[in-house]
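In UniProt numbering, the protein residues as written are 1 to 488. Just so you know, even glycine gets a beta-carbon here, dropped at the ideal spot from N, CA and C. Predicted, not measured: the structure shown is a model, and the values here were computed from it.
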Amino acid sequence: MAGLAGPTGLFWLPHAARVWAPCRLQSVDGDVASLAADDGEVIRHPAQDLPALEHVHDQQLDGVDDVCSLGAVSEAALLHTVRTRYSRQLMYTRVSRILIAVNPFCPQECDAEQHGSGYCEFGLDTLDTCGTDVRDGVQDGARDQAIVISGESGAGKTESAKLLLSYVASAVRSGGGADAGARGAGVEEKVMQTNPVLEAFGNAMTVRNNNSSRFGKWLDMLLSASGMRGCRITSYLLEVTRVCGQAQGERGFHIFFQLLQAAGSSPLVQGLELGSWEQYSYLRGSTRLAPGINDAACFEETCASLGSLGFSEADQGQVFRLVAAVLVLGNVDFVCNGQEELSLQDSGPIERVADLLQVDGRALGSCMLWRKVVAGRDVTTTPLRGDQARAVRDGLSRMLYRFLFEWLIRLMNDQLHEPGPSAPASPAPSAPGSPVSAAAQERRPCPQCGKQRRTWATWRRTPLSIACWGSWTSAASRPSRRTRWSSS
1 MAGLAGPTGL FWLPHAARVW APCRLQSVDG DVASLAADDG EVIRHPAQDL
51 PALEHVHDQQ LDGVDDVCSL GAVSEAALLH TVRTRYSRQL MYTRVSRILI
101 AVNPFCPQEC DAEQHGSGYC EFGLDTLDTC GTDVRDGVQD GARDQAIVIS
151 GESGAGKTES AKLLLSYVAS AVRSGGGADA GARGAGVEEK VMQTNPVLEA
201 FGNAMTVRNN NSSRFGKWLD MLLSASGMRG CRITSYLLEV TRVCGQAQGE
251 RGFHIFFQLL QAAGSSPLVQ GLELGSWEQY SYLRGSTRLA PGINDAACFE
301 ETCASLGSLG FSEADQGQVF RLVAAVLVLG NVDFVCNGQE ELSLQDSGPI
351 ERVADLLQVD GRALGSCMLW RKVVAGRDVT TTPLRGDQAR AVRDGLSRML
401 YRFLFEWLIR LMNDQLHEPG PSAPASPAPS APGSPVSAAA QERRPCPQCG
451 KQRRTWATWR RTPLSIACWG SWTSAASRPS RRTRWSSS
């Protein structure tokens with residue numbers, strides 16, 4: 001039986017924990033063979049099945065950076081290669097032009113422009129193939145390029161996307177001539193500055209990942225021979241249900257906790273009269289702290305990124321007012337007055353929300369207590385039940401947060417291109433009729449918006465697209481069908 005083994009004397013043996021393990025045949029006792037794994041574990045296997053086992057080749061144990069360079073490729077060889085590289089803190093493994101990433105669960109601070117020991121230490125040098133392919137495709141072939149990042153929650157999609165984005169921009173600049181860096185550096189820096197904003201408003205802690213992206217993201221980047229010309233972000237399926245509640249062991253969007261953490265120190269939020277997280281109904285079921293995330297430091301980074309992306313302090317103040325209004329809106333509750341009609345349990349929260357949104361408090365409260373039915377000229381109002389009123393309240397909260405998130409992306413997209421005369425500005429998010437809203441409407445004439453859309457349609461001749469796809473993992477918010485997500 002021992003002669004059945006290959007040159008290494010090893011077999012690929014099914015393993016309960018490792019799926020496949022390289023094992024050496026030690027003895028055969030009747031119908032049972034004893035094999036020893038590389039970690040010393042002894043595994044028993046039917047002797048008659050030994051001829052069907054795949055032999056292990058020396059190269060399959062080396063942990064090569066490209067699986068396609070192996071003389072014999074199999075599922076066992078691929079898994080063992082990835083496992084071997086991960087044990088060496090090499091998180092990336094190539095399969096030709098496909099890049100496999102395994103989350104190291106530790107920060108990686110590497111400069112994509114310096115291919116030194118720090119860059120290669122974690123296997124980040126394997127990104128060279130992706131960056132080079134994109135550069136050659138754009139500059140030589142003038143064809144659209146696409147990078148799809150897919151995986152389950154916690155796989156490392158968000159961090160991989162940031163590393164790829166940085167490296168691709170660097171690769172294009174390095175191949176675009178001496179003056180390419182000066183022209184593209186500003187756009188690239190702004191693209192990188194969108195990450196803290198998107199993570200603050202679109203990421204949350206789940207049971208599997210402390211910084212999970214709860215939305216799908218598609219990046220269209222305009223690359224030319226001279227470098228990066230522009231970028232456009234498209235978001236999909238923001239998990240707005242997380243605004244109103246979370247599963248056990250999870251927490252809401254990071255911006256809620258960043259805002260509360262900065263309430264006593266940042267002048268942008270000191271006038272919002274925020275309390276502790278236990279005072280807000282939408283956060284009481286959350287885990288307060290996300291391991292490895294400093295909410296105070298992240299808030300400063302979010303504000304700095306907003307500022308670099310063209311958000312004035314007034315705009316940032318309006319953003320944080322809306323976030324505070326969503327938090328306070330969750331504290332609005334209702335009681336039955338005994339006549340099958342509801343009334344507000346406490347008028348304080350609704351008055352505070354009305355002040356933050358700059359709307360009429362009575363009208364805001366009425367829309368949660370009464371349902372209006374219009375049939376021709378007849379208008380009928382009927383009282384809502386308690387569960388219906390709370391559903392209206394939560395629906396309003398989710399709608400406000402979704403509109404805020406979409407507005408942030410619109411304004412960031414306005415900034416992610418080379419300066420030109422056709423760069424419109426989106427209005428700040430504010431209540432209709434407020435001074436800020438009226439002034440903001442003057443900043444966004446319709447002809448300019450149409451011109452900007454036509455300009456981007458021209459840019460899209462040679463774009464690079466980066467998509468992040470994933471899956472739902474929160475039991476409290478799992479939909480009836482699979483959707484696309486970005487997670488890290």
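Provide the residue span of the alpha helix (DSSP H) that contains residue i, from first to last.
i                 : result
serine 286        : Per DSSP, serine 286 belongs to no alpha helix (DSSP H) and is neither H nor E.
valine 323        : 313 to 329
aspartate 65      : Looking at the DSSP string, aspartate 65 is not in any alpha helix (DSSP H), and its letter there is neither H nor E.
serine 305        : 295 to 308
glutamine 89      : Glutamine 89 -> no alpha helix (DSSP H), and no H or E assigned at all.
serine 153        : Segment: none, serine 153 is in no alpha helix (DSSP H) and carries neither H nor E.
phenylalanine 405 : 386 to 415
Can you check DSSP and say which residues form a bridge with residue i?
i                 : result
glycine 275       : Glycine 275 pairs with nothing; no bridge assigned.
aspartate 136     : Note: aspartate 136 sits in no beta bridge, so no partner.
residue 490       : Nothing can be reported for residue 490, as the shown portion of the chain is limited to 1 through 488.
lysine 162        : Paired residue(s): none; lysine 162 is not in a bridge.
glycine 186       : The partner list for glycine 186 (beta bridge, DSSP) is empty, contrary to what the question assumes.
residue 489       : Not covered by the structure: residue 489. The range shown for the chain is 1 to 488.
threonine 84      : Beta-bridge pairing links threonine 84 to no other residue.
phenylalanine 253 : Ala204
isoleucine 233    : Leu219
methionine 228    : Leu223
leucine 342       : Cys336
Can you give me the start and stop residues for the beta strand (DSSP E) that residue i sits inside?
i             : result
valine 73     : Segment: none, valine 73 is in no beta strand (DSSP E) and carries neither H nor E.
threonine 93  : 92 to 95
arginine 371  : 370 to 375
aspartate 378 : 378 to 383
leucine 99    : 98 to 101
alanine 146   : 145 to 150
In this structure, does DSSP put residue i in helix, strand or coil?
i                 : result
phenylalanine 334 : strand
glycine 116       : Low local confidence applies: a pLDDT of 38 at glycine 116 is under 50, so the model's placement there is unreliable, with the coordinate-based value given in what follows. It is coil, neither helix nor strand.
proline 479       : In this prediction, proline 479 has a pLDDT of 36, which is less than 50 and means its spatial position is unreliable; nothing more can be read from the coordinates.
phenylalanine 215 : strand
aspartate 29      : strand
serine 347        : helix
leucine 260       : helix
valine 42         : strand
proline 427       : The pLDDT assigned to proline 427 is 41, lower than 50, so where the model puts this residue is not dependable; a value taken from the coordinates is nonetheless given after this. Coil at proline 427, not helix or strand.
leucine 268       : coil
arginine 18       : coil
glutamine 48      : helix
valine 243        : helix
asparagine 209    : coil
leucine 357       : helix
Hey, out of the options, whose CA is closest to residue i's CA?
i              : options                           : result
proline 196    : Arg410, Glu300 and Pro14          : Glu300
leucine 309    : Val326, Val328, Met412 and Val67  : Met412
tryptophan 12  : Gly249, Leu78, Arg402 and Phe215  : Leu78
serine 397     : Ala363, Ser312 and Tyr282         : Tyr282
leucine 268    : Asn209, Arg321, Val191 and Val187 : Arg321
alanine 52     : Gln339, Leu10, Asp29 and Gly63    : Leu10
leucine 364    : Gln89, Val374, Arg393 and Asn203  : Arg393
serine 153     : Ala325, Gly63, Arg44 and Asn211   : Asn211
alanine 17     : Ala33, Asp31 and Glu41            : Glu41
serine 347     : Gln339, Asn337, Asp333 and Glu340 : Asp333
lysine 190     : Val56, Ala304, Gly338 and Tyr401  : Ala304
glutamine 279  : Ala200, Asn331 and Val379         : Asn331
isoleucine 293 : Val95, Phe105, Pro22 and His57    : Phe105
alanine 262    : Arg88, Leu35 and Ala297           : Ala297
residue 493    : Ala21, Arg288, Leu329 and Leu289  : Nothing about residue 493 can be reported from this structure: the residues present for the chain run from 1 to 488 only.
lysine 217     : Glu239, Asn209 and Leu223         : Glu239
glutamine 318  : Leu272, Leu260 and Arg402         : Leu272
serine 150     : Gly137, Ile100, Val168 and Val187 : Ile100
glycine 285    : Ala155, Leu274 and Glu250         : Glu250
arginine 97    : Ala247, Phe405 and Val148         : Val148
Consider the C-beta atom of residue i and the heavy atoms of the ligand NAP; say whether any pair is separated by less than 7 Å.
i             : result
threonine 302 : The model on display carries no ligand, and the ligand NAP is accordingly not part of it.
Would a check of beta-carbon distances place residue i closer than 8 Å to chain D?
i             : result
aspartate 144 : Among the chains of the structure shown, chain D does not appear; only one protein chain is present.
Practice prompt. For the region 217 to 236 and the region 246 to 257, state whether three or more C-beta atom pairs, one from each stretch, are separated by less than 8 Å.
Written response: no
Worksheet item: Using 8 Å as the threshold, is the region 364 to 376 in touch with the region 384 to 394, meaning 3 or more CB pairs across them?
Response: yes
Item to complete: Would you be able to state if there are at least three C-beta pairs under 8 Å between the region 148 to 165 and the region 195 to 212?
Response: yes
Discussion item. Under 8 Å: do the region 66 to 74 and the region 35 to 48 share three or more Cβ pairs, one atom per stretch?
Written reply: no
Worksheet entry | Sufficient close CB pairs (3 or more, under 8 Å) joining the region 351 to 362 to the region 317 to 337 | yes
Item to complete: Would you check if there are 3 or more beta carbon pairs closer than 8 Å linking the region 80 to 89 to the region 53 to 63?
Response: yes
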